[in-house]
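Single-structure report; data block below.
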Amino acid sequence: MKHWQLIKEENGIFVAVFDKAHESANSLSAEAMAEFGEILDQLDKQPPKGLIVRSGKEAGFIAGADIEEFSQLDSAEKGRALVTRGWNLFNRLAAVPYPTLALVRGHCLGGGLELALACRYLLAVDETGTKMGLPEVMLGIFPGWGGMLRLPKRVGPAAALDMMLTGKTIDAKRAKKMGLADDCVPPRVMEMAARQLLLLGQPRRPLPFMQRLLNGPLKSVVANGARKQVARKARPEHYPAPYAIIDLWAKHDGNALAAPEVIDRIITSPTARNLVRVYHLQERLKGFGKSSDFKATRVHVIGAGVMGGDIAAWCALRGMTVTLQDQTLERISPALKRAHALFTKRLRESLKIRDAFDRLIPDPNGDGVAHADVVIEAIFENVEAKHALFKALEPRMKPGAVLATNTSSLRLEDLRTVLQQPQRLVGIHFFNPVAMMPLVEVVAAEGADQAAVQAACAFVKQIDKLPLPVRSEPGFLVNAVLAPYMLAAMRAVDEGIAPETVDEAMLAFGMPMGPIELVDTVGLDIAMAAGKQLAGGADAPRCLIERVEKGQLGKKSGQGFYDWSSGRAAKAVAGNVPGGLAERLASPLIDRVEKLVADGVVADAELADAGVIFGTGFAPFTGGPMHFRQGMT
Ligand code: NAI
Numbered sequence: 037m038k039h040w041q042l043i044k045e046e047n048g049i050f051v052a053v054f055d056k057a058h059e060s061a062n063s064l065s066a067e068a069m070a071e072f073g074e075i076l077d078q079l080d081k082q083p084p085k086g087l088i089v090r091s092g093k094e095a096g097f098i099a100g101a102d103i104e105e106f107s108q109l110d111s112a113e114k115g116r117a118l119v120t121r122g123w124n125l126f127n128r129l130a131a132v133p134y135p136t137l138a139l140v141r142g143h144c145l146g147g148g149l150e151l152a153l154a155c156r157y158l159l160a161v162d163e164t165g166t167k168m169g170l171p172e173v174m175l176g177i178f179p180g181w182g183g184m185l186r187l188p189k190r191v192g193p194a195a196a197l198d199m200m201l202t203g204k205t206i207d208a209k210r211a212k213k214m215g216l217a218d219d220c221v222p223p224r225v226m227e228m229a230a231r232q233l234l235l236l237g238q239p240r241r242p243l244p245f246m247q248r249l250l251n252g253p254l255k256s257v258v259a260n261g262a263r264k265q266v267a268r269k270a271r272p273e274h275y276p277a278p279y280a281i282i283d284l285w286a287k288h289d290g291n292a293l294a295a296p297e298v299i300d301r302i303i304t305s306p307t308a309r310n311l312v313r314v315y316h317l318q319e320r321l322k323g324f325g326k327s328s329d330f331k332a333t334r335v336h337v338i339g340a341g342v343m344g345g346d347i348a349a350w351c352a353l354r355g356m357t358v359t360l361q362d363q364t365l366e367r368i369s370p371a372l373k374r375a376h377a378l379f380t381k382r383l384r385e386s387l388k389i390r391d392a393f394d395r396l397i398p399d400p401n402g403d404g405v406a407h408a409d410v411v412i413e414a415i416f417e418n419v420e421a422k423h424a425l426f427k428a429l430e431p432r433m434k435p436g437a438v439l440a441t442n443t444s445s446l447r448l449e450d451l452r453t454v455l456q457q458p459q460r461l462v463g464i465h466f467f468n469p470v471a472m473m474p475l476v477e478v479v480a481a482e483g484a485d486q487a488a489v490q491a492a493c494a495f496v497k498q499i500d501k502l503p504l505p506v507r508s509e510p511g512f513l514v515n516a517v518l519a520p521y522m523l524a525a526m527r528a529v530d531e532g533i534a535p536e537t538v539d540e541a542m543l544a545f546g547m548p549m550g551p552i553e554l555v556d557t558v559g560l561d562i563a564m565a566a567g568k569q570l571a572g573g574a575d576a577p578r579c580l581i582e583r584v585e586k587g588q589l590g591k592k593s594g595q596g597f598y599d600w601s602s603g604r605a606a607k608a609v610a611g612n613v614p615g616g617l618a619e620r621l622a623s624p625l626i627d628r629v630e631k632l633v634a635d636g637v638v639a640d641a642e643l644a645d646a647g648v649i650f651g652t653g654f655a656p657f658t659g660g661p662m663h664f665r666q667g668m669t
């Protein structure tokens with residue numbers, strides 16, 4: 037066999053080791069699944085004492101189905117054949133008379149988890165990389181290989197739907213707690229534990245009675261609640277898959293083959309095709325982080341304000357040792373408080389929270405500069421202040437360390453004039469809020485040192501953000517495309533259309549937030565300044581000027597276009613959206629993307645789509661602004 041190895045142990049146990057040929061991670065291609073079928077054939081003839089399924093890869097257990105094969109599906113028949121293949125194979129695995137166990141270490145996603153669920157036992161190895169999930173919904177499809185049948189039976193329908201409808205992953209400890217894993221053990225005892233669990237013959241922990249009711253006669257109650265929850269986040273015309281998952285579970289016990297019309301509709305939908313495209317775009321961005329061997333362990337951030345403070349916290353969360361500098365300790369302490377809240381939310385366990393907090397070191401004197409692999413400047417947006425800082429920094433830095441600025445609006449060409457080695461300055465431009473935004477623009481000025489740019493990309497990837505290389509031009513990519521869009525939205529308000537209606541038009545288009553609410557969130561003063569720089573000399577909209585004059589700066593001041601005194605935008609019910617409004621508002625954004633691609637600010641249309649989706653949330657189901665426009669013309 038090419039991808040699997042079947043090992044017989046003296047104790048009568050067989051171990052099926054999945055080690056996909058020529059790949060660093062395991063994915064379930066047609067060929068790999070056919071081979072697994074052969075293993076089951078062989079074991080049918082002479083049933084073993086037990087079967088352990090494990091991975092031969094360092095990277096993890098199984099990353100999912102083979103996405104390349106999925107990308108090539110071009111007909112409903114092929115879609116049905118794909119679902120049939122996995123559904124039948126895993127049903128067969130679930131029905132074998134001997135005990136089976138999935139030894140899960142590292143990622144176990146999509147089809148990988150569906151395989152593990154078809155085993156009698158699941159043993160999760162407690163390691164940082166271990167994560168289990170059914171992320172099919174993020175590709176616009178459903179877990180049709182038994183996930184929708186078996187996960188609700190294992191963990192109860194509410195927890196299962198939560199995983200299937202959000203695509204979120206869970207770690208080993210949590211998997212055990214919720215009943216997905218039978219046990220969770222450290223790597224050093226996993227071999228012994230796997231064999232013990234397999235042969236002990238213990239029945240699985242049954243689902244509590246109430247959960248069985250909810251997964252049986254009371255399904256419709258759960259389904260109605262889930263539909264309402266999904267409706268708050270995704271419209272069925274944009275994202276049909278989550279609704280299909282709920283229906284398939286509620287009406288067909290998770291068997292998509294019982295509703296072939298649903299398979300046809302979902303698998304051949306433009307949404308699924310576009311979301312697969314977005315997945316590939318994301319992989320392309322990650323690829324920029326792999327073009328250098330650069331590896332950072334220490335980061336020094338200067339400026340503990342809105343951005344610097346959150347950048348430092350994020351880097352510490354991701355395992356870096358971070359020194360955070362500002363003019364005084366008092367200015368650093370609010371950032372530490374926010375960092376603590378972030379660690380608590382993300383890490384949950386007190387030891388891990390403490391470790392992350394230990395890695396974040398207040399450093400008013402800037403002692404960390406000399407040891408840092410990456411130095412990020414995030415002080416006031418002022419050329420003279422940044423010049424003074426760079427002059428003092430450069431001689432103290434390690435050779436080969438990355439020197440980066442987080443500036444939004446200053447030219448790198450102007451900032452670097454004071455440096456001995458001006459070519460080493462790069463932009464590492466994060467977005468606000470740092471913890472939420474996946475994209476980071478890596479900015480190269482004319483003549484920048486390519487090794488420094490690549491190292492910056494590697495660093496960005498290392499902290500689990502998506503690096504997008506851009507050329508140094510005002511607004512780079514993301515802010516440059518948002519400016520004409522927000523301007524168009526505010527012009528619509530000047531024309532007398534209510535802010536709520538403008539926002540509703542773009543929410544219906546598929547944006548995660550309306551443009552007027554976005555202006556309120558960014559701050560009206562910032563929008564005004566960005567407009568001056570990026571709107572090509574256009575007059576500021578009247579509605580903006582009036583509010584800024586009154587000090588109504590948006591969310592941060594409690595009042596902007598909306599009242600924010602409750603912490604959220606208080607919106608009236610939107611009026612009827614005038615026909616063509618969304619297209620009118622989106623088109624300046626798309627025009628600007630086209631121009632930036634033509635000017636070479638971003639290397640090609642695909643990367644521009646990636647940047648705008650991950651930097652602004654531009655409706656992912658469209659496949660991105662350039663893709664969307666091509667589809668329309
Ligand atoms: P901020 O005003 O919240 O924080 C700046 C911090 O820098 C202050 O705490 C200040 O005490 C400190 N600082 C000033 N001079 C210093 C010096 N010489 N040494 C040490 N600390 C010093 O500013 P914010 O919003 O965090 O912006 C920082 C940078 O990030 C700017 O270049 C801005 O363009 C950029 N940026 C801002 C975004 C935002 O949404 N606020 C988004 C992306 C980039």
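For the sequence shown, the numbering used here assigns the number 37 to the initial residue and increments by one for each residue that follows. Beta carbons: idealized from backbone N, C-alpha and C, even for Gly.
Where are the beta strand (DSSP E) runs, 3 residues long or more, that stay fully inside the region 316-390, in chain order?
-> 334-338, 357-361
Between Val489, Trp600, Ala481, which lies nearest to Val637 when the distance is taken from Cα to Cα?
-> Ala481
Limits of the alpha helix (DSSP H) - the one that Leu125 falls within | 112-131
Mind checking whether the beta-carbon of Val419 lies closer than 8 Å to any heavy atom of the ligand NAI?
-> no
Entirely within the region 397-472 and at least 4 residues each: give me those alpha helix (DSSP H) ranges in chain order.
-> 419-429, 448-451
Sorry if obvious, but does the Cβ on Asn260 come closer than 8 Å to a heavy atom of the ligand NAI?
-> no
Under three-state DSSP, which class holds Met199?
-> helix
Outcome for Val629 when other beta-carbon atoms lying within 10 angstroms are tallied against a minimum of 16 | buried
Could you give the distance in angstroms between the alpha-carbon of Asp198 and the alpha-carbon of Lys204?
-> 8 Å
Supposed close pair Ala534, Gly611 - CB separation, criterion 8 Å = 6 Å
Over what stretch of residues does the alpha helix (DSSP H) that includes Arg628 continue unbroken?
-> 617-634
Close-in-space but distant-in-sequence residues of the same chain around Lys497 (CB under 8 Å, 5 per side omitted) = Lys322, Phe324, Gly325, Lys326, Pro503
Excluding sequence positions up to five away, which residues of its chain have a Cβ less than 8 Å from the Cβ of Phe426?
-> Glu413, Leu439, Leu451, Arg452, Val454, Leu455, Leu461
Sort out for me which residues DSSP pairs Lys44 with in a bridge.
-> Phe50
When every heavy atom of the ligand NAI is checked, does at least one fall within less than 8 Å of the C-beta of Phe466?
-> yes
Would you check if there are 3 or more beta carbon pairs closer than 8 Å linking the region 330-338 to the region 307-316?
-> no
Cβ shell of Leu175 (< 7 Å), same chain only, five flanking positions each side left out | Ala308, Leu311, Val312, Tyr315
Name the one or two DSSP bridge partners that Ser107 has.
-> Bridge partners of Ser107: none, in fact.
Sorry if obvious, but does the Cβ on Phe416 come closer than 8 Å to a heavy atom of the ligand NAI?
-> yes
Got a sec, what are the start and stop residues for the beta strand (DSSP E) Thr136 sits in?
-> 136-140
Can you check DSSP and say which residues form a bridge with Glu477?
-> His465, Leu504
Identify which residue in Pro435, Met356, Gly511, Ile177 has its Cα closest to the Cα of Phe106.
-> Ile177
Within the same chain, show all residues whose beta-carbon is closer than 7 Å to that of Ala563, passing over the 5 residues directly before and after it, in chain order.
-> Met522, Val555, Leu580
Take Met433 as the anchor and find which of Leu446, Glu420, Gln457 has the nearest alpha-carbon.
-> Gln457
Take Glu477 and list the residues in its own chain whose beta-carbon comes closer than 6 Å to its own, dropping the five residues that flank it on each side.
-> His465, Leu504, Val506, Phe512
If you draw a straight line from the C-alpha of Pro239 to the C-alpha of Ala112, how long is it?
-> 40 Å
Let me know the secondary structure DSSP gives His39 once reduced to three states.
-> coil
Going straight from the alpha carbon of Leu250 to that of Asn291, what length do you get?
-> 18 Å
Sorry if obvious, but does the Cβ on Asn442 come closer than 8 Å to a heavy atom of the ligand NAI?
-> yes
Which one or two residues does DSSP pair with Asp55 in a beta bridge?
-> DSSP output for Asp55 lists no bridge partner at all.
The region 151-161 contacting the region 280-299, beta-carbon criterion three pairs below 8 Å = no
Which residues mark the beginning and the end of the beta strand (DSSP E) in which Arg90 is found?
-> 86-91
From Gly590, Leu118, Asp539, residue whose alpha carbon lies closest to that of Val558 = Gly590
Taking contact to mean at least 3 C-beta pairs separated by less than 8 Å, is the region 132-151 in contact with the region 224-244?
-> yes
Could you check what DSSP says for Cys155 in three-state terms: helix, strand or coil?
-> coil
Closest by CA to Ala622, which one among Pro661, Ala68, Glu642, Gln490?
-> Pro661
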